[in-house]
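Here the structure is laid out as structure tokens; the discussion comes afterwards.
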Amino acid sequence: MIEEAARIEGGFAEVGAGLWLMGRSQPAAFFGRAVRRRRSGWCVRDRAVLDLVETTGAARCADSSRPFLTHIPCAAPVFAVAGKVLVAPAAARKDAQLVKAVPMSTRSALCATEFRLPGGDGQAWVVMATASRTARIVLADGETLSVRPEAVVAWTGRPPTGFCPRLSVLDILLPRGPRELFFTFYGPSVVWMEGASRSANRGCGQFQGRIF
């Protein structure tokens, strides 16, 4: 059974008693108790950015560095950038994967958590927290959309493919890496994105930390 959808009000996402996936330093406030549970599994790719939290009363989640909240229903499987997830029902999580922009490298890779409706009654959803407002783009069959890695929030459909221009010798020798990276999404799908600002979003949506 999936818990009822979060109530978004005054910049907070409020949830009731239950078992939740929450971003780090969440909840911001709660009634009763909020206990962090161990996330079992050998390879849990989003373990570094998402905690399993059990609450006995209402809890409110918010991140002052990412004040814009977007509620995404998961009637179809949704792949959400793990570092931008604020709160979601734990039972809605299916898996997590690493989506690479540069082959054979984790530079600018996205750790994406998959949410979908499990068996039984209820609803699946996820609340995302972003540094700027979120746009929802619907791609028709055959359409493509290229988005900078730091601007990606979530998507449905097939995984995106990474693109970068031909690397120069300096790109290989210097730690900066390629400066023009994009993820290309393919329709039919839905893509949620926010404004791209490396200074504002650094580390917010890109892969960081260990995956084990």
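Following the working numbering, the numbering of the sequence shown begins with 18 at its first residue and continues without gaps.
All C-beta atoms, glycine included, are put in the ideal place defined by N, C-alpha and C.
From the options, residue whose alpha carbon lies closest to that of residue i
i      : options                          : result
ALA108 : LEU86, GLY35, THR201 and PHE199  : GLY35
PRO106 : ALA141, HIS88, VAL208 and ALA113 : ALA141
ARG24  : GLU160, GLU167, ILE89 and VAL155 : ILE89
GLY159 : ALA168, ASP80, GLU26 and PHE202  : PHE202
Integer-rounded CB distance, given that residue j should sit under 8 Å from residue i
i      : j      : result
SER206 : ARG175 : 7 Å
LEU103 : GLY40  : 5 Å
LYS101 : THR147 : 6 Å
ALA168 : GLY204 : With a Cβ gap of about 18 Å, ALA168 and GLY204 do not count as contacting.
VAL143 : ALA97  : 5 Å
Where residue i falls, given that 16 or more other Cβ within 10 Å makes a residue buried
i      : result
PHE48  : exposed
MET210 : buried
MET121 : exposed
VAL52  : exposed
THR161 : exposed
VAL208 : buried
ARG153 : exposed
ALA46  : exposed
ARG64  : buried
Whether residue i touches residue j by CB criterion (8 Å)
i      : j      : result
GLU31  : ARG77  : yes
PHE200 : ALA118 : yes
ARG110 : LEU38  : yes
ALA93  : GLN114 : no
VAL95  : ALA171 : yes
LEU198 : GLY179 : yes
ARG56  : THR73  : no
Item to complete: Jot down the residue ranges of each uninterrupted beta strand (DSSP E) in the stretch 93-168, minimum 3 residues, whole runs only, in chain order.
Response: 95-98, 102-106, 110-116, 127-132, 142-147, 152-156 and 161-164
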